[in-house]
Amino acid sequence: MAIFLPTSISQAIGLAKLLEAKLSDVPSLPGRAPLYVPPMRSAPLPPLPPILPNPPSRSPPVPNPRGSLPICPLSSAEMRAYRAKRLCFNCDDLFTPGHSCRSKFLLLLFEDGLHTDETVTDFSGEFLAYDLPSPTPLFATLLADVQPPHSELFHLSKDALSGTPSPRTLHLCNSIGGYSITVLIDSGIFHNIIQPRIAHHLHLEIQPLPPFAVMVGNDKALYCSQLCSVVSLTLQHHTFAVPPYLLPIHGADLVLGV
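Right, dumping it as C-alpha cells:
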C-alpha cells in the first residue's frame, strides 16, 4: 500500500480492501504433505518406592458364634427360700421395688412334680407378692368360706390404697343394700377390698381370719384379719358376689381386682 501513497485514511482503507480481495482470489498452491514424525517412546522408569510403608493386610474377621445363655433352674424349695429371704431370683441381691439385675440370666422355673399354689413373682411390676392364692375373678360367684393361709402375703397398689385415678383404674358408682358406694376397679391387684366402716355400717357378715400381712406400694405392710363372706354387686345389669377383705383404704369404698 505504501507504493500507492494514499493521501487520506479513506483512500488507504479502500486500497487495503482491494489488496485483500486480490489475495483471496489467488488459488493456493498444492503444498507438500506434512512430514510424519513418529512419537518418541521412552523406556519405562522403574517404580519408585512408596513414601509410606504399606499397611499390613488384615484377614477377614471370623464370625464368633454366640454361646448359649446359661440356664439356672430353680426348684420349688429354692424359690421358697429366695422368697423367704426376699432375694432376687437372678442375682441373689435383695429385691426391692425398681430392682434391676447387674447381669442378665436365663432362668428355668419348674416344680418338683407337685402342684402348689405358689405364684412366681413378676419382676416387671411394682410390688412383690409371696404365696398368693388363686386370682379372684371379677364377674364370678365365689364361695363364702374362703380361708387364706397363715403365710399369705399379697400386694396392694398405691392406687387402690389411696383411691387416686390412674390409667389402670376405673371408678364406678354402685349401691349395696340401697347405700351408695364408690367402686374402684384396679387391674394391678388380684383381690377385693372393702373399707371396714362400710362393712360395719351395712351390717355385712364378717368372719375372722388369721392375721396376715399385705404389702403396700410404699414398701409398708398392712395387717388384715377379717373377711366379708358375700357382697352382692350389680354392674351393667350383671349381678355377682365377691368376698372382699377388710382393709383401711382411702378414696374408694370398695376395690375390685381383676
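Residue numbers (the UniProt record's numbering): 1 to 258.
We treat Cβ as the ideally placed atom computed from N, Cα and C, and that holds for glycine.
Treat the numbers as computed from the prediction; the structure is a model and nothing was measured.
An exposed status is given to residue 77, since fewer than 16 other beta-carbon atoms sit within 10 Å of its beta-carbon. Your pair residue 184 and residue 241 does not check out as a contact, with CB atoms roughly 18 Å apart and the cut at 8 Å. Per the C-alpha coordinates, the member of 170, 89, 204, 176 positioned closest to residue 186 is 170. Here DSSP, grouped into helix, strand and coil, assigns residue 40 to coil.
Looking only at 209, 176, 207, 55, the smallest Cα-Cα distance to residue 198 is reached by 176. Going by C-alpha positions, residue 90 is about 25 Å away from residue 190. Apart from the 5 residues on each side of it in sequence, residue 229 sits with its Cβ closer than 7 Å to the Cβ of 144, 205, 207, 243 in its chain, given in chain order.
Around the beta carbon of residue 4, fewer than 16 other beta carbons sit within 10 angstroms, so the residue counts as exposed.
One alpha carbon belongs to residue 25, the other to residue 45, and they sit about 54 Å apart. Residue pairing from DSSP places residue 175 in a beta bridge opposite 180. Cβ atoms of residue 223 and residue 211 come within 8 Å of each other, at about 5 Å. With contacts defined by Cβ atoms closer than 7 Å, residue 254 and residue 181 form a contacting pair. Cα atoms of residue 256 and residue 96: separation of roughly 26 Å, rounded to the nearest angstrom. Distance from the CA atom of residue 57 to the CA atom of residue 48, rounded to whole angstroms, is 21 Å.
Check the Cα spacing between residue 235 and each of 215, 174, 178: the tightest is with 174. If the five residues before and after residue 101 are omitted, its C-beta is found closer than 6 Å to the C-beta atoms of 90, 91, all from its own chain and listed in chain order. Rounded to whole angstroms, the gap between the alpha carbons of residue 215 and residue 221 is 5 Å.
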